[in-house]
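The sequence shown maps to residues 19 to 75 in the numbering used here.
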Amino acid sequence: MESRPPLPPFTEETAREKIRLAEDGWNSRDAAKVALAYTQDTNWRNRSTFVNNRAEA
């Protein structure tokens with residue numbers, strides 16, 4: 019599995035960077051990119067759609 023900086027322990031600056039990167043990912047509306055933020059076996063809901071892993075995203 020690939021690590022993506024910034025990694026803990028966080029400073030205020032790196033925590034802000036991590037939040038900004040997460041927001042940018044969601045705002046891209048690229049489902050494949052957003053799915054990478056979740057574990058391989060995650061279960062999540064997007065409005066009325068239930069997704070059970072990255073492959074379904």
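By construction, the Cβ of each residue, glycine as well, lies at the ideal position given by its N, Cα and C atoms.
>> Helix, strand or coil for T89? Go by DSSP, reduced to three states.
In response: For the chain, the structure presents residues 19 to 75; residue 89 sits outside this window and is missing.
> Is R38 helix, strand or coil when you go by DSSP?
Replying inline: helix
> Since A50 is in the alpha helix (DSSP H), which residue starts that stretch and which ends it?
Replying inline: 49 to 53
> Looking only at DSSP bridge pairs, what is D63 linked to?
Replying inline: Per the sequence presented here, residue 63 reads as Arg, with Asp not at that position. The partner list for R63 (beta bridge, DSSP) reads F68.
>> Suppose you measure from the CA of W44 to the CA of V52; what does that come to, to the nearest Å?
In response: 6 angstroms
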